[in-house]
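In the UniProt record's numbering, the protein residues as written are 1 to 691.
One structure is given here, and the rest of the page talks about it.
See the structure below:
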């Protein structure tokens, strides 16, 4: 007969935890949430102080009945859901759904699923922390009133099935803003110059970069300026002004947080944030390892702290000493002063046992499990190792009044890089001839200038969006992956070759949100809301006070937007394209990838056609119409209606005006039109064109 019942969230944990506990314990899974707000209605009683109306989730009846039966028989019930706000709320919902008296409930949490951690948690059992529960309730209610308040407006204005979310709408706006920056970016010309110098008595030449003159750095802005400098340099003698040698210490990286793990997995393993979190969850909950049974391989995966437990530091020092040597142990611990907003309840993400090296567990893991575990294992070991040390050499060279420079570095001690390297951890950079000193004689072999153009900001990737959300204080570790997954699933954003692009649909949704609900999509407002939720978790803010202050303004904005929508007659736009199945005039509709032509006779007639929207500009190559086109995934570009006979394409909207400087075609960038040929560089304001 089991005396004690332990309830966890996932069946995978049941297997891992059961082997740590004796016959007196029975471990069962709730299989995630058991109660939530209803899907069919808002589920928040606005009239009665925003009280949430929770119902049992459909399909959970049998699970709850089985849990209730075991709970009645048990002397004690331990609620062992995840160690975060959501986990705390699930424990609270379980207690309510199972009709447990407070005296029967013991809340336990562990940061890693190991025998020591699980047994220690039983000794430190506590009551449910209502501050954490209320912080989660506040987030859930906020998201519900925003989503259920605004989504119907999007259905009326654009199409059914769209949604607006408190965090997803801000993420969408950030992507839109970045796309606008890229579209409006006008490249600026600049030049670089390199001199190839022979050193007397040495075989290897010296490559020196132009720096400036004795007064400081000079930016070379155009070809004429570059040619003037080049003419002067070619007739000058080159001599070494100074050589400085020194040491540069490169600190070991910090262990992973949720955000940095998602970024690094995207960059090095090409994993989406959703995939990364799914695999990390498996590693946390437990994997069957040959000869060891089910083992939880990493600590809890949702964290924004880089803190490491003292016992983990001690064991890492022992491991590093035995496997790499004493010199790889750092003199002082690698630590970061954590931000005030950090939820320091958890450690950084690390292996639960360093002795389970990637090589040992490789045969037991699936490919992606192994790749992610190896990344986490290596990063953690590196974080506990001594820094790398480089020998640096800086050479200043004079050529008449102009100055060139050479920078070189060489690894003296690899430190953490013996385990873990980034792309920028180059071992050697521009190694110099051994005999080089201030008296070395230099002769010019060649010198040339190279033209460059400034580049626009990079498109967001999942990794860089996660980084931006974290830097702006938007969302928390548990929200990054679902936020990005949602805006991609809704077709607001298109993912192509890692980059995120805004879709036509996403643009339409963002424009409505900015016009009608500027507060919701305001980055600072959303970040401040996160701080308030942290205040609830700390017990300094009452959770309903946040809703009381937020909802009335939201309601006013919704009412005003509804009135505005009433003035807009929302009808499908009729075209002159005739349906070849039933003869009706086809209408413009919105689909997952933007506009298409549909028959107004639906559902009797299912005919659809691609919508070829002309922009009123002739093709610069053949004179036919330029139309708006879509890539397979739905990204907008401009192409010739005469394809495949004409292959003209442009990511920017072409202008009908020809470039007065070179005669080429021009494109629109914000309030300017610019020559499509960067080397021409002609720019004019749009209003100049209209005059």
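Ideal placement from N, C-alpha and C gives every residue a C-beta, glycine not left out.
Only a predicted model underlies this, so the values are computations on that prediction, with no experimental measurement involved.
What residue range does the beta strand (DSSP E) around residue 360 cover?
From DSSP, residue 360 is part of no beta strand (DSSP E) but of the alpha helix (DSSP H) over 358-361.
Alpha carbon to alpha carbon, how far is residue 338 from residue 472?
The predicted model places residue 338 with a pLDDT of 49, which falls under 50 and marks its position as unreliable, so this point remains unresolved.
Between the alpha carbons of residue 135 and residue 542, how many angstroms are there, rounded?
9 Å
Between the C-alpha atoms of residue 665 and residue 658, what's the straight-line distance to the nearest angstrom?
5 Å
Out of curiosity, what's the CA-to-CA distance linking residue 198 and residue 228?
23 Å
Between residue 289 and residue 364, which are expected to be in contact by the criterion C-beta below 8 Å, what is the C-beta distance as a whole number of angstroms?
5 Å
6 Å CB neighbourhood of residue 309 in its chain, flanking five on each side removed:
347
Tell me where the alpha helix (DSSP H) around residue 131 begins and ends.
130-157
Beta-carbon spacing of residue 699, residue 29 below 7 Å:
One cannot answer for residue 699 here, as it falls past the ends of the chain, which runs 1 to 691.
For residue 418, I'd like the list of residues in its chain whose CB is within less than 6 Å of its CB, leaving aside the five on either flank, ordered along the chain.
none
Endpoints, the alpha helix (DSSP H) within which residue 395 is located
Where residue 395 is concerned, there is no enclosing alpha helix (DSSP H), although the beta strand (DSSP E) it sits in stretches over 388-399.
Report the rounded CA-to-CA distance for residue 551 versus residue 477, giving the unit in angstroms.
25 Å
One or two residues paired with residue 206 in a DSSP bridge:
197
Whole angstroms is fine: what's the gap from residue 627's alpha carbon to residue 189's?
31 Å
If you count every other CB in all the chains shown that lies within 10 Å of the CB of residue 139, and 16 or more means buried, which is it?
buried
Given that a residue counts as buried once 16 or more other Cβ atoms are within 10 Å of its Cβ, and exposed if not, what is residue 191?
buried
With distances taken from CA atoms, which of 285, 169, 41 is nearest residue 115?
285
Under a three-way DSSP split, which group does residue 681 fall into?
Residue 681: coil per DSSP, three-state reduction.
Which of the three DSSP states, helix, strand or coil, is assigned to residue 70?
helix
Would you mind listing the alpha helix (DSSP H) stretches within the segment 522-556 that are 4+ residues and don't spill past its ends, in chain order?
Fully enclosed alpha helix (DSSP H) runs of 4 or longer: 523-538.
Where the alpha helix (DSSP H) through residue 274 begins and ends:
273-285
From residue 544 to residue 617, what distance separates their C-alpha atoms?
55 Å
Going by C-alpha to C-alpha distance, which of 680, 258, 409, 151 sits closest to residue 300?
258
Measure the C-alpha to C-alpha separation of residue 625 and residue 615 and round it to an integer number of angstroms.
8 Å
In the structure shown, what three-state DSSP assignment does residue 36 receive?
strand
Using the Cα positions of residue 401 and residue 213, report the straight-line distance between them to the nearest angstrom.
About 6 Å.
Integer Cβ distance of residue 267 from residue 463, believed to fall under 8 Å
6 Å
Residues in its own chain within less than 7 Å of residue 414 by CB, not counting five upstream and five downstream?
388
Is the distance from the Cβ of residue 416 to the Cβ of residue 252 below 7 Å?
yes
Starting from residue 2, trace the beta strand (DSSP E) in both directions and tell me its first and last residue.
Per DSSP, residue 2 belongs to no beta strand (DSSP E) and is neither H nor E.
Is the distance from the Cβ of residue 328 to the Cβ of residue 386 below 7 Å?
Result yes, Cβ atoms of residue 328 and residue 386 sit closer than 7 Å.
Short of 6 Å in beta carbon distance, which residues of its chain neighbour residue 525, apart from the five on each side in sequence? Order them along the chain.
519
Comparing alpha-carbon positions, which option in 522, 124, 411, 506 lies nearest residue 154?
506
Beta strand (DSSP E) runs wholly inside the segment 596-659, at least 3 long, in chain order
608-610, 613-618, 625-630, 636-640, 654-658
Alpha carbon of residue 314 to alpha carbon of residue 263, nearest angstrom:
28 Å
Does DSSP put residue 721 in a helix, a strand or coil?
The chain is shown from 1 up to 691; residue 721 falls before or after that span and cannot be answered.
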